[in-house]
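Written out below as structure tokens is the structure these notes cover.
Protein chains: 2
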Amino acid sequence: MLKVGIIGVGTVGASVANILKDNKDIITARAGIEIEPVLGVVSNLNKKRDVSIKLTDDIDEVLNDESIDIVVELMGGVEKPYEIVKKALQKGKAVVTANKALLAYHRYELQEIAGDTAFEYEAAVAGGIPIINALRDGLTANHIESIRGIMNGTCNYMLTKMINEGVDYDTILQESQELGYAEADPTFDVGGFDAAHKLLILGSIAYDVDAKPEDILIEGIQNISPEDIDFANEFNYSIKLLTIAKKIGNQVELRVHPALIPNSEMIAKVDGVMNGVSVIGDKVGETMYYGPGAGGDATASAVIANIVDIARRGKGSPMLGFESDNTENLQLMPKDEIQTKYYIRLKVADKAGILAKIAKALGDKNISIEKMIQKPLNKDQAHLLLSTHTSLEKDIVEALDQIEQTGVVTCKPVMIRIED
Amino acid sequence: MLKVGIIGVGTVGASVANILKDNKDIITARAGIEIEPVLGVVSNLNKKRDVSIKLTDDIDEVLNDESIDIVVELMGGVEKPYEIVKKALQKGKAVVTANKALLAYHRYELQEIAGDTAFEYEAAVAGGIPIINALRDGLTANHIESIRGIMNGTCNYMLTKMINEGVDYDTILQESQELGYAEADPTFDVGGFDAAHKLLILGSIAYDVDAKPEDILIEGIQNISPEDIDFANEFNYSIKLLTIAKKIGNQVELRVHPALIPNSEMIAKVDGVMNGVSVIGDKVGETMYYGPGAGGDATASAVIANIVDIARRGKGSPMLGFESDNTENLQLMPKDEIQTKYYIRLKVADKAGILAKIAKALGDKNISIEKMIQKPLNKDQAHLLLSTHTSLEKDIVEALDQIEQTGVVTCKPVMIRIED
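From first to last, the protein sequence lines stand for chains A and B.
As numbered in this note's numbering, residues 47 to 466 make up the first sequence, in order.
As numbered in this note's numbering, residues 47 to 466 make up the second sequence, in order.
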């Protein structure tokens with residue numbers, strides 16, 4: 047029998063314990079051994095929980111129990127779980143975590159510390175979708191050309207509603223909070239940080255690139271307006287909070303931001319709270335993985351898959367997908383060297399000469415316009431919505447600064463990257 | 047260094063050898079060891095091939111070469127590769143195959159023979175999509191409720207063209223043959239047999255059910271007509287050749303047939319030559335896997351993923367996903383006990399009393415009609431297109447027989463199952 051201790055018995059932790067009991071028959075048949083959740087750690091023993099395992103508020107009870115083979119870390123945070131997981135690994139206990147923040151900051155140290163001990167984290171990226179499994183084990187023949195992910199269900203729910211129902215950002219945020227899809231402080235989700243943590247993990251498996259959240263471009267969905275939605279609908283785009291990992295020469299782009307994607311693409315069809323990850327390999331072409339990115343049972347499904355894997359074969363694949371260093375030796379691309387197409391929204395005074403100034407500012411930076419719509423806003427102002435051909439991020443940022451400085455716009459310009 | 051022998055150096059075999067060389071850098075970094083294709087077996091040594099490995103026409107050269115660690119079987123067929131693979135396993139060589147027919151007939155014997163030696167087959171189902179990996183390793187926490195797959199690119203290409211462009215079956219078949227998407231004798235694809243072989247493999251991993259192609263319901267797409275396409279378009283359905291594995295109580299349905307699926311479902315969006323597999327687990331909910339189901343490089347990507355897996359850890363997961371028997375002890379459901387909704391197309395004489403006879407035949411079997419369209423065909427005949435509520439397969443078959451016998455139809459009735 048394999049004994050499991052669970053540190054953090056909230057929604058996911060309770061699901062892990064309950065599924066190990068509910069589905070014991072099939073899990074035992076698949077693993078070849080009984081897997082028993084024996085002890086859970088909570089901070090408040092008095093809180094009522096819908097789970098039938100022994101509980102303690104002392105983490106050391108799990109760490110010091112020599113009969114516990116696998117520690118499941120579901121407490122959240124970064125430094126505290128790092129210390130705990132480290133101790134567990136040093137005691138030779140296998141570790142399974144769903145903690146993306148921990149991995150966003152400490153995955154390479156943890157790989158080092160784990161050594162031959164299993165350290166798994168399927169649930170940390172895209173919840174119930176076995177994407178770590180696919181990328182780390184299923185696509186090993188390929189140089190990965192790109193990964194595009196919709197990995198935050200809160201943002202995807204909000205953007206889907208905005209696109210399909212014309213609801214504005216503030217209204218849908220409030221509705222999402224009432225439904226429990228968004229937190230009281232929604233910044234971690236809507237600001238793109240949650241998705242960025244997941245992206246960094248996938249970026250390591252695909253490219254062996256060590257980066258931290260502060261190294262990469264992260265933008266949230268807070269500035270998406272009904273005009274942007276109109277533009278998207280007009281030109282058959284969806285707007286998604288996209289995580290992008292892409293190899294260009296010997297550099298890797300890692301970025302998180304809202305993006306316009308053609309509706310014809312499979313990933314554009316991932317709606318509502320669902321997650322989707324599209325991976326392009328140089329040999330296999332595009333494969334896509336779709337499913338629930340959150341929820342107690344879906345996340346627990348991924349945690350238990352890791353436990354079964356450990357039960358079957360102990361340490362499995364190399365933690366971050368590489369048995370030895372990636373000799374391609376890829377470097378993170380600086381943010382302002384990114385090249386893509388851009389959509390730009392400008393609020394302008396509705397009078398002669400304005401467009402000429404804007405066109406000049408763009409032209410001076412060699413930015414050429416692909417599509418443009420002007421929409422009257424009121425008797426004095428109009429919205430100018432335009433998209434560009436492929437341009438350099440640095441040039442776009444400078445051109446928009448220039449446009450702002452010339453005083454032709456009445457609001458700060460908004461830019462959304464286009465991925466097609 | 048790990049040495050690989052390839053039996054069958056056609057399109058896929060050549061891709062395996064070439065990718066192992068082209069992508070040697072990343073594959074070595076991921077596997078932790080060099081993987082070298084050392085010998086390929088072909089039946090005709092004189093044929094020119096775009097591959098740079100040593101070739102032989104003697105299979106025993108691979109089997110008897112003690113330095114070869116892994117045998118890749120890509121020769122096709124059933125009994126001959128079975129004997130060869132058996133010999134390779136008995137000599138302690140790991141085996142990787144893309145041969146779905148071999149597995150459709152001999153997977154349980156091969157599991158027995160392999161024992162602790164690795165026997166892998168990711169490429170046998172849905173080409174480049176790592177679906178074996180997902181189902182066998184990624185979803186182990188779940189009782190699988192259903193699997194619905196689009197796993198034959200030829201059929202999906204043809205049906206997509208029929209739906210989107212109104213092309214008829216014979217025209218699109220000829221076009222597919224000219225494009226190389228369909229064989230000169232297309233029966234294996236359009237008749238559903240190829241998809242059935244893949245379904246049987248997934249059925250074993252999900253349910254531990256041992257069945258052979260002749261045990262299950264297999265229908266092809268040959269009878270799909272423009273009227274069916276019209277009905278589908280009218281009611282917002284797609285028509286797909288669907289492989290279905292579904293648990294109902296302690297029985298398992300395994301069936302392959304064209305099906306009407308609501309366009310809103312993610313799997314209905316899998317178009318053209320692409321494959322998609324939707325899996326519903328009792329805990330994770332729906333996950334879907336999408337990608338290329340055929341092609342030399344895509345299939346080779348899956349073969350090499352297995353080779354890397356073997357390089358990393360020898361024998362990995364249990365071959366068919368169960369370390370011990372599934373104690374649920376599920377049985378294959380007899381074909382005529384299947385229950386679903388049905389679409390029925392009848393060509394009838396356009397005169398009074400006909401509909402009453404048809405309604406009676408259906409009513410006598412307790413089949414109730416959900417939707418109906420009558421379309422004039424010429425001055426004497428009309429098409430009656432209708433869908434039913436959930437009914438028993440046996441009742442539908444008998445009702446259609448009854449309708450045919452009463453002489454109210456001028457052609458054999460056509461029935462397509464509806465999956466929603």
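For each residue, glycine too, the CB sits at the ideal point set by N, CA and C.
Within 9 Å (strictly less), CB to CB, does residue i reach chain A?
| i | result |
| --- | --- |
| K329(B) | yes |
| S370(B) | yes |
| L48(B) | no |
| K244(B) | no |
| V349(B) | yes |
| D343(B) | yes |
| S192(B) | no |
Pick helix, strand or coil for residue i, following the three-state DSSP scheme.
| i | result |
| --- | --- |
| Y336(A) | strand |
| G295(B) | coil |
| L185(B) | coil |
| Q268(B) | coil |
| T452(B) | coil |
| T233(B) | helix |
| V36(A) | Examination of residue 36(A) is not possible in this model, given that chain A is present from 47 through 466 alone. |
| K403(B) | helix |
| F239(A) | helix |
| F165(A) | strand |
| N321(B) | strand |
| E132(A) | What sits at residue 132(A) in the sequence shown is Lys, not Glu. Three-state DSSP puts K132(A) in a helix. |
| S113(A) | coil |
| R95(B) | coil |
| M461(B) | strand |
| T74(B) | helix |
Can you tell me the Cα-Cα spacing of residue i and residue j, whole angstroms?
| i | j | result |
| --- | --- | --- |
| A172(B) | A340(B) | 7 Å |
| P304(B) | A407(B) | 24 Å |
| Y253(A) | T57(B) | 29 Å |
| D355(A) | A164(A) | 10 Å |
| V349(A) | L181(B) | 15 Å |
| E499(A) | L149(A) | The shown model of chain A, from 47 to 466, leaves out residue 499(A), and the question about it has no answer. |
| K126(A) | A63(B) | 48 Å |
| Q268(B) | K397(B) | 29 Å |
| R463(B) | I285(B) | 10 Å |
| P83(B) | L438(B) | 53 Å |
| G367(B) | D183(B) | 8 Å |
| L185(A) | I178(A) | 10 Å |
| K292(A) | A257(A) | 14 Å |
| E311(B) | V455(B) | 34 Å |
| L288(B) | G195(B) | 6 Å |
| N309(A) | D317(B) | 14 Å |
| T386(B) | Y283(B) | 16 Å |
Residues in the same chain with beta-carbon distance under 6 Å from residue i, minus the five sequence neighbours each way, listed in chain order, please.
| i | result |
| --- | --- |
| G48(B) | What sits at residue 48(B) in the sequence shown is Leu, not Gly. Excluding positions up to five away in sequence, the list reads I79, I81, D115, A357. |
| G104(B) | Looking at the sequence shown, residue 104(B) is not Gly but Asp. So the list is empty, once near-sequence residues are dropped. |
| E166(B) | V142, N352 |
| K361(B) | D162, A164 |
Could you tell me whether the Cβ of residue i comes closer than 9 Å to any Cβ of chain B?
| i | result |
| --- | --- |
| T456(A) | no |
| D355(A) | yes |
| V88(A) | no |
| I386(A) | The residue asked about is misnamed: residue 386(A) is Thr in this sequence, not Ile. It does not; no Cβ of chain B falls within 9 Å. |
| T373(A) | yes |
| E82(A) | no |
| I52(A) | no |
| P338(A) | yes |
Once the 5 residues before and after residue i are set aside, which same chain residues still bring their CB inside 8 Å of it?
| i | result |
| --- | --- |
| P459(A) | I390, R391, L392, L446, I449, E450 |
| N296(A) | E374, N375, L376, Q377 |
Going along the chain, which residues of its own chain have a beta-carbon closer than 7 Å to the beta-carbon of residue i, five neighbours each way excluded?
| i | result |
| --- | --- |
| R76(B) | V354 |
Counting Cβ pairs, one atom from each stretch, are 3 or more of them under 8 Å apart for the stretch 284 to 304 of chain B and the stretch 406 to 424 of chain B?
no
Would you call the stretch 321 to 337 of chain A and the stretch 182 to 192 of chain A touching, i.e. three or more CB-CB distances under 8 Å?
yes
Are the stretch 57 to 76 of chain B and the stretch 93 to 108 of chain B touching, with three or more C-beta to C-beta distances below 8 Å?
yes
Would you call the stretch 340 to 350 of chain A in contact with the stretch 202 to 209 of chain A, where contact means no fewer than 3 C-beta pairs closer than 8 Å?
no
Is there contact between the stretch 246 to 265 of chain A and the stretch 219 to 236 of chain A, where contact requires at least three CB pairs shorter than 8 Å?
no
Assess, as a yes-or-no matter, whether the stretch 371 to 378 of chain A is touched by the stretch 231 to 240 of chain A under the definition of 3 or more beta carbon pairs within less than 8 Å.
no
Does the stretch 128 to 141 of chain A come close enough to the stretch 150 to 162 of chain A that 3 or more CB-CB pairs lie under 8 Å?
yes
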